[in-house]
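Quick note: the sequence shown, position 342, residue 346 per our numbering, numbers continuous.
Glycine included, every Cβ here is placed at the ideal spot set by N, Cα and C.
Quick notes on the structure that follows.
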Amino acid sequence: MRAGAFVLTLSAAAALGQIDATYIGPWGGQFEEPTHWDIGVVPVNTLTDTYNVIVPDSNYCHWSLMTGSFQVDDLSLGNQSYMDIFAGVDLTVLGDANYAGSFMRLYGGNLTLTNPNGLDNINARMIHAEQGAQLTLAFTSYSSDGLGLVQLSAHYAGTNWNGSSLQTLTLQANAGAHLQAWYGGAVLDLSNVTSITWAGPGQLYAYAYGGTIDLSSLLTTDGPVRLHADLNGIVDVGNASLPQLTRIDCHHGSTINAPNVTTLEGVHYIVRGLNTVNLGAIASIDGAQFDIGEGATYTTTHTSYSAVGYGTRTPFAAQHAGSSIDASSIQSLELDATGHMNLNAWYGGAQLDLSGLDTITGGTGQLYAYAYDGSIDLSDLDSVAVRARIRSELNSTVDLGSTVVFDQLESLEVLSGSTINAPTLNDLEGVNITIASPSAMLNLGPNPQIQGAQFNVSNGANYTIPATSYSAVGYGTRTPFHAQHQNTVLDASAVQSLQLDATGNINLYSWYSGPHLDLSGLQTVTGGSGKLYVYAYDGTIDLTGLQNVEVRTHLDVDANGSISVSPTASFAAIEQIDVHHGGTMNLPGLTSLDNIFLNLIGTYTFNTGPITSADAARLWISEGAVYALPSAVVSYQTPTYNTTIFQALHAGSVLDLSSLDTIDVTPFHGYDVNAWYSGAHINLSNLNTIQGSYSPTYRLYFYAYDGSIDLSGLEHSEVNLSFNADAGGTITVGTDCVVMGGHPLIAVNNSTLVCGGNLIATAPGGANYHFDTGNVIMNGPGINIFEVAAEDVGLPVDGSELDDFRVGHLVIGDAAGFQTVVELRDCFDNGHRAGGTPEALYITGIDGQPGLEIASNAILALHGVQVYNWDGTQWVHLNALFGPGDQCISYAGGTLCLGDCEADFNRDGSLDFFDVLSFLSAFSGAELRADFTCDGTLDFFDVLEFLGDFSAGCP
C-alpha cells in the first residue's frame, strides 16, 4: 500500500488472526516498506489480520508515505527506539502500548492510545507532538524509565497534547523532565494531574513559550520545579505549593498561576516586561534573587532579607528602562557566612529602592552595589559590617546617605558622569577610589582620612585631595596617586609627607595623553625597606617641593612624560633612572650617579647638576640614544654583584665613556660590556688601566654584536678579560687580548678583533677560542704572541675536516705605523693535541678571499708551529715554503720567518748579553713572552728555563 490509500479495518475483537510484526529495516527506514518487516508486509490491521507491532531496542522508523486512518492491535517500542508519524497519518492503538525508554514523535500525524485493558501507566521517555498533531492518551499515570531526560512536549499552532486522562506523573530520570508548550498556542493538557513525584534526582522544567501548560488540578509535588512562561505563554500549576520551587521566569505578556505558593526562599525570580505572576501571600524571601527587567516592576513588603545558607546571592537586580524594584520596606540585609551579595540597577534608568535599609551584616563576603545607567537608593543606610564595594557608572547615582559607617569599605568607583553621594564619609583608609569622568561626582566628607587609600583619577577628571599626609603603614605596597588620560588632574599638592609600609613600595603614576599629578607640596618620604617608584608615561609629575627621600627610589619617564624634582632634594638611594622616548627628567640637584642604574632610550632630556662620580653605576642606552659621561668622571668602581655595567643597543646609540682613565674591578664578580645591533658604539678609548685582583673564574666581558667597542687606549689590565665579536661587530683593544679560564675570545661572522698586544687564551676543547669566520688584526708594537689551538690534520682538502679553532682572516701589523712582530706558539693545551701532536694554525679566508695578510713592515714568526693558509686559490703549508738555510721569506705582503731560536730574545739573529737584558726587562715588566715554562705565571722557573735555552745556544 502506498500514499493515498485508505484501509477499512475491524476492531481487534472482530479480527480473524493476530500477527506479531518486528521491524528489521535500517535505522531511519520507512514504516510502509514491506521488506522492513520480518513478516514481509506492512503491519496495519485489515479485514483478515491484526498486528502486534514491535520496534526493537535502539532502532528507528518513520511513517510518512502511506496516509489515512490506520489501526494496530498493540504497539511496542523498545528502549532507545524511535517512531515518527508525519502529517496525513491517523493511527489508533487498539490494545496495549508499551513505550518504555522510547521516543514517540508526531510531526503533524495523529495518535490515539485507547488502553482497552485499563493499564495504569505509560512510560515513554519522549512523547512529542508538533505541526498541528493531535495526541490522545487514555492512561491514568505516567512514569519515566529513569535512564535519561524526559520530554512531554507540544509545539506549534493547532497542536494538542491531550493527556487529560493522566492523574499522576512519576519522574525517575536522573536528568530531569521537560514539559513544553511552544509556539502558536500549542497545548500540553495535563489538567487532571494531581501529583508529581520524583523517584530520582533531577528537576521538572515546565516551559510555555507561546503555548499553554495546564496543570490546573495539581496539588502536590515532592521534587524541584522550575516554571517558565514567555511570549504570552501560560503555566498553571493549580493549588500546588511547590515546596522545592527553584526558579520563576515570566516574560513578555505571559502568565504563571501558582496561587498556593507562599514562600520564595532561595527562588530565582525573573520577570521581563508586562506579565502576570499569581502567587499566594509570600511569607519569606530569604535567599531569593529578584531579577526585574524590560519595564517590569516588583514590590516587596518584607522587612528583612537573609542569604544565610545560600552562598553568594543577588537579591535585587533591576534592569532596563522603566524597571524598578521597590524594596524600601527592607531594613536589614544579611550575607551568608562566606558568600557575597550584589545589588544591581542596570540600563535605561532602572531603579532599585532600598531607602529604608539600615544595616548590612554577614561574614567574610563582600557587598557589591553597582549602578550602571541606573540608580540605587541607600539613603537611610547606617551601618555596613561587611566588606563593601560601591560602583556608579554611565550617568548613574548611588546614594549612601549622610549617616553611613563602613567597617571595611574596599572601593568607591565613579565613572562616566555618575555620582556617589556620601557627604559625611571621612574614613577612606585602605579604600580604592576611582574617578573616571570630568562630570563624575564623588561627594565625601570634608576631612578624609586617606591612610592606605589609592586614588585612580582618569578620563579627564579633576580631583583634589585635601589631606596633608599619607601613610601606607599596615597596607603593604600601594599606589596612592594615579592620574591617567588627557586633561586629567589629580591635585595632591596639600600632601606634605608620604610614609611607606615597613616592607611595601609606594607608586606614583601619571599615564597617557598628558595627565598631571601635582605633588608640589610633598616634602618628605619616609619608610622601611620598600621603594618609591615615580613613573610618568606621557604625563607629568610635579615634585618641585621635595626635600628629603629616605627610601630607595626609582624615577621613570617615557613617551614625552616629565618628572620635575626640587634642586634641593636629597635622596638616600636612587636605584634607577629611566628616561625614554622624548621623556624629560629634571634632577637639578643630582651630582652623582653612584650605584644608579641609568637607562636611556631614544631621544630624551636628562637635566642634572654637575656629575662628578659614577661608581657602581650601570649605564645602558638604546634606540639611538647618545650619552657622554662628564669629563669630571675619570675613574669607575664596579658594583659588588655580577651585572652588565655598560650597554649600547641599536643604530645611532653611542655611550661615550672616553672620560674614564681607570676601572677598578671588584674581586670575585663578573661584569659585561655590550654593544649590540646596527652599529651601536661604546667609547672607552681613553681607558688606560683596568685594575683589581686576577681570577681565572671571573672576568670583564666585552661583547660586540653588530656593534663596536673601542678600548684602543688600554695599556694594562690586572684582571681577566674576555672578548666576543659577532655579526660584523668590532672590538679594538690597545693591549693584550689574554683570556684565561675558558672564557670567550671569539671573532665570528665577519666581525673584527683588533689586538694591540698578545693574543692568548686557555680554552680546553677550544669552544670559546676561535675566529673561524672573523677578522683578527694584531698591530701592536714590538713582539707579541699568538697562542694557537687547532688540531693538526695536515694540509686540508676542503676545510670540512677542521675543528672550531681557525682564523678566517689574520692581519699582522699596520704598514702606516710601527713595526709589529707576531710569534706563534703552542704553550697551552687547548684540547687539540691529538696523539701528542702540537696544535697548529689554520687560516681559512672569508668568502674565498686569502686568509693571511702581513703588512710590509711586519713579521709573522712561526716558531715551529705548523701553519696552513688559504691563499685565495689553494691551501698552502707555510712551513714548507722555506728553502735550506732560509730563516725569513717574503709572503702575503710582508715577512714570514721561522723564528726557531727562543733564546734569541731580542730577535737580532745572535745570542749575546743583550738577549739576557731583554729577557730580564720583559720578566720584570710581566710580559707574557717571558713565560718560558708555559704555566701562565712568571716566576724563577722561567728564568731558569731561559738561561738553559741560552746556554744550549741556537740550532
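In terms of residue numbering, what span does the beta strand (DSSP E) encompassing serine 626 cover?
622–626
Find out if the Cβ-Cβ distance for the pair leucine 137, asparagine 114 is shorter than 8 Å.
A small correction: the amino acid at residue 137 is alanine; leucine does not occupy that position in the sequence shown. Yes, the pair counts as a contact, with Cβ atoms nearer than the cut-off.
Look at valine 499 and threonine 472 and say whether their C-beta atoms are less than 8 Å apart.
yes
8 Å Cβ shell around threonine 305 - same chain, five flanking residues per side excluded
Ser333
CB alanine 311 to CB serine 328, shorter than 8 Å?
no
Whole-angstrom distance between leucine 283 and tyrosine 273, CA atom to CA atom:
12 Å
Sub-8 Å separation of threonine 640 and isoleucine 605 beta-carbons
The sequence shown places tyrosine at residue 640, not threonine. In this structure, isoleucine 605 does not lie closer than 8 Å to tyrosine 640 by Cβ.
Supposed contact pair histidine 774 and arginine 810 - C-beta distance, whole angstroms, cut 8 Å:
7 Å
Does isoleucine 28 pass the burial test, meaning 16 or more other C-beta atoms within 10 Å, or should it be called exposed?
exposed
With a CB to CB cut of under 6 Å and the five nearest residues on each side skipped, what residues in its chain are close to tryptophan 515?
Gln488, Tyr541, Gly543
Same chain, Cβ closer than 6 Å to aspartate 94, neighbours up to 5 away in sequence not counted:
Ser73, Asn114
Across the segment 381–391 and the segment 356–367, are there enough close Cβ pairs to call them in contact, namely three or more that are closer than 8 Å?
yes
Phenylalanine 650, enclosing beta strand (DSSP E) - first and last residue:
647–653
Tell whether a beta-carbon distance below 8 Å holds between threonine 163 and alanine 190.
yes
Quick check: the Cα distance between aspartate 710 and aspartate 908, rounded to an integer number of angstroms?
42 Å
Pairwise C-alpha distance: glycine 929 and glutamate 843:
28 Å
Please classify threonine 492 as buried or exposed, where buried requires at least 16 neighbouring CB atoms within 10 angstroms.
buried
If we call anything under 8 Å between Cβ atoms a contact, is leucine 591 one with alanine 618?
no
Reducing DSSP to helix, strand and coil, say where threonine 224 ends up.
strand
Beta-carbon proximity of leucine 183 to leucine 156, cut-off 8 Å:
yes
As assigned by DSSP and simplified to three states, the class of threonine 118
coil
By Cβ distance, which residues of its chain are closer than 6 Å to isoleucine 863, with the 5 residues on each side in sequence left out?
Val825, Thr899, Cys901
Is the beta carbon of serine 755 closer than 8 Å to that of alanine 729?
yes
Whole runs of the beta strand (DSSP E) within the segment 566–592, excluding any shorter than 3 residues
566–569, 574–584, 587–591
In the segment 11–80, which residue ranges form an unbroken beta strand (DSSP E) of at least 3 residues, counting only runs that do not cross its ends?
22–26, 54–59, 64–67, 72–76
Does the Cβ-Cβ distance between glutamine 458 and asparagine 436 come in under 8 Å?
yes
Does the separation of the CB atoms of histidine 66 and phenylalanine 107 fall below 8 Å?
no
In the DSSP assignment, find the alpha helix (DSSP H) that holds alanine 926 and state where it starts and stops.
917–928
Runs of beta strand (DSSP E) lying entirely within the segment 434–518, each at least 3 residues, in chain order:
436–440, 445–447, 458–461, 466–468, 473–475, 482–488, 493–495, 501–503, 510–515
From Gly628, Asn399, Gln490, residue whose alpha carbon lies closest to that of tryptophan 680
Gly628
Backbone CA spacing between valine 723 and tryptophan 879 [nearest angstrom]
39 Å
Compute the Euclidean distance between the alpha carbons of phenylalanine 10 and glycine 326, then round it to the nearest angstrom.
Below a pLDDT of 50, predicted positions are generally treated as unreliable, and phenylalanine 10, at 32, falls in that range; the measurement from the model is reported next regardless. Each residue's alpha carbon lies about 59 Å from the other.
What are the boundary residues of the beta strand (DSSP E) that includes alanine 321?
317–323
Relative to the alpha-carbon of threonine 201, which residue among Gly215, Ser169, Gln248 has its alpha-carbon at the smallest distance?
Gln248
For leucine 661, count neighbouring Cβ atoms within 10 angstroms of its own Cβ and tell me buried if that reaches 16, exposed if not.
buried
Can you check DSSP and say which residues form a bridge with alanine 884?
Answer is none; alanine 884 lacks a bridge partner.
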